[in-house]
Structures are given as structure tokens and as C-alpha cells.
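For reference, the structure is listed below as C-alpha cells.
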């Protein structure tokens, strides 16, 4: 792909009721970017087309109802791909084949085959790619610096908790072990997400990035602890992963040896955490242990004001997945914890992608990394179904 | 640990967080690498009592050489636990980080344990908690094979 002049034109593939609501704002906030249009595949269902049009109107952008037409425009440099999970891989491949840089919602695809196809398309087209993650957030950067500085000595274990405190729990049938499908194919529901994937993706990506190692074995458990909606759809609301690593291919620091890692991920209910949910990583080393938490350092505020109340249930988004639906039911932020932030720190993931494009370097969470994360997550489902440890790579 | 155990138990017994479903515990409480397994056994015993559940399967990682042991436990009625134990580090202060999820709430504990709150390894029986030999046998088997191990009998207390 030829190097273009700024501002970079950003095309938004799929609109309202996806994470595009957030990514579009992130690109719009970067002065190096200009939003071009909202688009989607020509044959999307009417309700999806209507949401796309509504989003285009909200953003004061045109809606181009055929992705092929939008990709033919030469003022489009980057496509932010937030299409539903089941068709995300197909859309991403088409965008890469058109020579556009790819900014990808997480998880990148629903299957290892789709992930491989995206990586192949990106490499063939020579475009840049990045899957949304938390690695550019200040707390993740702190964790990386700590590992690289040897703050805990040689790393022997990493544990990551990544959960969202949303939804109204206590309705799932109690006392049952979940029977997991080893190869789930449906991922998009109005009222539930496969939470091992949806939240575990952050943790797996973070741990892989922190250690610089490839996962070699995966043990997974999925569960239905909280929500009747998830149980009804045969979708887990909670998941665990435990994995081991290959040694790093090129040692940037001391050999890590038999490093191990675990992940706890899920959706645990509005009132189960003083903020957005447990988001932290434990770095266990030969010389010490560090817990790095997205809500640390912080101040805590207690005041003579009404306590935080969970929002009313939005009938079209009962789990509060999307910013727009949260706004529609007037969801208020939890204000008791106020995290200390350096105003010079940037946690705009989209801007880091633009940095990569400008400096012609690979993102630290490229499509290739996204594919590796997808493989770990899918191995987690196979493990949860079989009850045993699964070795990677998965059969192709 | 005995104070933490009893305090958490009292909150669970009150029903405030609903039915306990998941325990995450990262603890630096073993005096040295030789006592890692003892420390793990004690935390797992406590976790089982908090969850009121019998363990069915365990996957363990690490070991004496690694300086830490991590166990993923799946219980008969669906609950789970992730327990990681290591040695007390240079400052000599034991540390226990705990997250216990109920189906309607959560308990968090995140701090150094003052010496008066810490419990020397091997003293758990003083507060009426028994170590599960079958669970710890399964932990050993999992560490040796690199695979998950079924807990024979599926009982927490023997």
C-alpha cells in the first residue's frame, strides 16, 4: 500500500450497537484522522442497516450501503471493522484485499480458520493491522515496564482477572456444571456474549504480550454462574484458562523457564465491584510479586450524596453491552474511586495504531497476534468440553 | 488466615453475596519452597469450605523448582477456584489477595497480613479444617503429568 497524506481517511464498517460507538470517537479524537463514512455488507439484515444509518446520522457521516463501493474510494486508508463476530473475518479479509489498513474489534474472528485468513490477507496486501486491546492502557504499560525492568526478578507466573461488573445476576440455575460445546459457532446474541472470549480476549492478549511467549498448552473451564440469559442461550458467563508457554523465540531478557499463567474472565453483575469490574494482573517472580490494577493508584471519595444505583434494564440490551443503550437508560458512572492519571499518558488504542501506520512498523497487537489469541480462546473451549489439557497449535 | 477464613465465612453465611461460585486467591504465605504444597493444601481446604463444595478435578502448574504452585479446581456442583501460592518474599510479610464471587456479589481482600493475622503452616487443624488427601494426591499427579487429575471420592474433608 502506498504511503498517504494525512489526515488518514477512516471508514467505519458496521455502526450502532457495536464497539464502533467507541472506536469511531477514538479515531475522531486523533487530529491525524478524518472519518469518511459508515458502511457494511450490502446484504445485512434490515435492523442492522437501520442501526448503521442511525449511527451515520449521529456522526454526521454518509452511509454507504455496499462495502465494496466504500472500499473503492481512494480517500479511505483505514477501516475500523466492528461487524458482528460471525462475519467479522470475512469483512476484514475484504478490506485488507482492498489495500486498507485494518483496525479490528476483539476477538478478531470466531474461528482459527477465519483468523488465519485475515492474517494471510494482511500479509499479502502489506497493510498494517491492530486488534483492540488493553496493552496501551497506562496500567498495562506499567506492567510491561515492571517485567522488563526485572522488578519481580525472573517471571515465573502471571495471573490476570478481567471481568465486567454489569448486568443483573442471580438468575442462572445454581449448582450445575456447564456442558461446553467444543466448537461453538454462534457468538452474537442480544442478551449475552460468550464471556470467555469477550473478556478473556483482553487477558490472553495481555499475558502473551507481557511474557513475549507463545502459549503451548491450554486448560479451560466455562460456567454459568450469574445470568439466566446466558444459560438460556447456552453461552458461558464465566471462564477460566490456565496455560503454559513455549520459551520466547528471541530472549529480550532472562529465560523464563516453566512460566505458567491463569485467566479469570466474565460478567459478574453491576453491584459486584466499586467500579467497572476486577481488571488486574499479578506478576509472580523469583524476587517478589506485583499486583497491577487498572484502578490503582486511586483516591476514594465518600460524600453526602445519593449512592450509585444500577440503571434500569434496557430491553434491547439487558447486559449493557453498548454505550448508546447505556445512555438511553441514563446509566451513571460509579464515582467512588477516582484513578490517578498522568495527563501526558495516552490510552487511545486507535492513536497507537495510527502511530504504527505513520512509522511503518507492526503493531504489538497485530492481526497475527489477534489470531494467536483466537487460537488460545478456541482451545479453551475444546479443553472445557473435554476436561483436559489441549496442546497448540490446534489442528487445521 | 484463620481470621480471614472466619470473616469471609461469616459474610457468606449472611447470604449477602448469594451462593459462592468462584475463589481466586494469590497468596505468598509459604515459609520456603519446601512448604509450598502444605500452603496450597491449606488454602484449598479453606476455599472448599467457603464454596461448600467437593472438588472433582484439578489442574496444577509450577512446583518447588518454580517457586510457586497454581491449582485450577473444578467442583462437583460447578464452582471453580484458582489458587496460587508462593513463598513469603524479602520483607517477610505474608500476603493474601482474595476475590470470592457469589452469584449476587463479591468479596475482595487485598493486603499484607499482619503477623498476628498470619497462620503458621501446618496449624490449620487448630481451627477445625481438614486437609483433603485425595485432592492433594490429585495435585501431585497433575504436577507430574502436566494433565488434569480427577479427585478420587470427590470429598473435601476426609
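Chains as they are written, first to last, in our numbering: chain X, 166 to 561; chain Z, 80 to 237.
For every residue, glycine included, the Cβ atom is placed at its ideal position computed from N, Cα and C.
This structure is a prediction, so every number in the text was calculated from the model and none was measured.
{"query": "In angstroms with no decimal places, state the Cα-to-Cα distance between residue 576 of chain X and residue 558 of chain X.", "result": "In this structure chain X extends from 166 to 561, so residue 576 of chain X is not present and cannot be described."}
{"query": "Return the CA-CA distance between residue 313 of chain X and residue 461 of chain X, expressed in angstroms with no decimal places.", "result": "20 Å"}
{"query": "Please report the Cβ distance between residue 186 of chain X and residue 252 of chain X, rounded to the nearest whole angstrom; I am assuming they are in contact, meaning their Cβ atoms lie under 8 Å.", "result": "Residue 186 of chain X to residue 252 of chain X, Cβ: 18 Å. No contact."}
{"query": "Please list the partners that residue 386 of chain X has in chain Z, where partner means a Cβ-to-Cβ separation under 8 Å.", "result": "151, 153, 159"}
{"query": "If you compare alpha carbons, which of Z:185, Z:213, Z:215, Z:211 is closest to residue 88 of chain Z?", "result": "Z:185"}
{"query": "Looking at residue 97 of chain Z and residue 232 of chain Z, is the spacing between their C-beta atoms short of 8 Å?", "result": "no"}
{"query": "Does residue 444 of chain X have its Cβ less than 8 Å from a Cβ in chain Z?", "result": "no"}
{"query": "Using a threshold of 8 Å, state whether the C-beta atoms of residue 224 of chain X and residue 246 of chain X are closer than that.", "result": "no"}
{"query": "Could you please give me the residues that DSSP links to residue 238 of chain X through a beta bridge?", "result": "Looking at the DSSP assignment, residue 238 of chain X forms no beta bridge with any residue, so it has no partner."}
{"query": "Which residues of the region 326-353 of chain X have a Cβ closer than 9 Å to any Cβ of chain Z? Give them in chain order.", "result": "326, 328, 330, 334, 335, 336, 337, 339, 340, 341, 342, 343"}
{"query": "Would residue 548 of chain X and residue 195 of chain X be called neighbours here (beta carbons separated by less than 8 Å)?", "result": "no"}
{"query": "Can you name the residues of chain Z whose CB is closer than 8 Å to the CB of residue 407 of chain X?", "result": "138, 140, 149, 151, 161"}
{"query": "In whole angstroms, give me the CA-to-CA distance for residue 538 of chain X and residue 530 of chain X.", "result": "10 Å"}
{"query": "Given this structure, state the Cα-to-Cα distance separating residue 505 of chain X from residue 464 of chain X, to the nearest angstrom.", "result": "7 Å"}
{"query": "Which one or two residues does DSSP pair with residue 268 of chain X in a beta bridge?", "result": "X:245, X:295"}
{"query": "Just to make sure I have the definition right: I need the residues of chain X whose C-beta is within less than 7 Å of the C-beta of residue 107 of chain Z. Which are they?", "result": "454"}
{"query": "Spatial neighbours of residue 324 of chain X within its chain, please: C-beta separation below 6 Å, excluding the five flanking residues on both sides.", "result": "427, 447"}
{"query": "Would you identify the three-state DSSP class for residue 444 of chain X, choosing helix, strand or coil?", "result": "strand"}
{"query": "Would you kindly report the start and end of the unbroken alpha helix (DSSP H) that includes residue 223 of chain Z?", "result": "212-224"}
{"query": "What are the boundary residues of the alpha helix (DSSP H) that residue 260 of chain X is part of?", "result": "250-262"}
{"query": "Going by Cα to Cα distance, which pick from X:350, X:374, X:341, X:353 is closest to residue 388 of chain X?", "result": "X:341"}
{"query": "Assuming residue 222 of chain X is part of the alpha helix (DSSP H), what are its boundary residues?", "result": "211-223"}
{"query": "In whole angstroms, give me the CA-to-CA distance for residue 172 of chain X and residue 234 of chain X.", "result": "21 Å"}
{"query": "Would you grab the beta carbon distance between residue 364 of chain X and residue 327 of chain X for me? Rounded to a whole angstrom, and I think it's under 8 Å.", "result": "5 Å"}
{"query": "Near residue 168 of chain Z, what residues of its chain come up, given a Cβ to Cβ distance below 7 Å and the 5 sequence neighbours on each side ignored?", "result": "107"}
{"query": "Using 8 Å as the Cβ pair cut-off and three pairs as the minimum, do the region 271-284 of chain X and the region 254-262 of chain X touch?", "result": "yes"}
{"query": "Consult DSSP for residue 184 of chain X and reduce its assignment to one of helix, strand or coil.", "result": "coil"}
{"query": "Within this structure, are the beta carbons of residue 150 of chain Z and residue 162 of chain Z separated by less than 8 Å?", "result": "yes"}
{"query": "Listing by chain order, which chain Z residues have their CB less than 7 Å from the CB of residue 553 of chain X?", "result": "226, 227"}
{"query": "Rounding to the nearest angstrom, what Cα-Cα distance links residue 117 of chain Z and residue 165 of chain Z in this structure?", "result": "11 Å"}
{"query": "Using 8 Å as the cut-off, can you tell me whether the region 367-381 of chain X makes contact with the region 212-230 of chain Z, which would need three or more C-beta pairs spanning the two stretches below that distance?", "result": "no"}
{"query": "In this structure, does DSSP put residue 303 of chain X in helix, strand or coil?", "result": "helix"}
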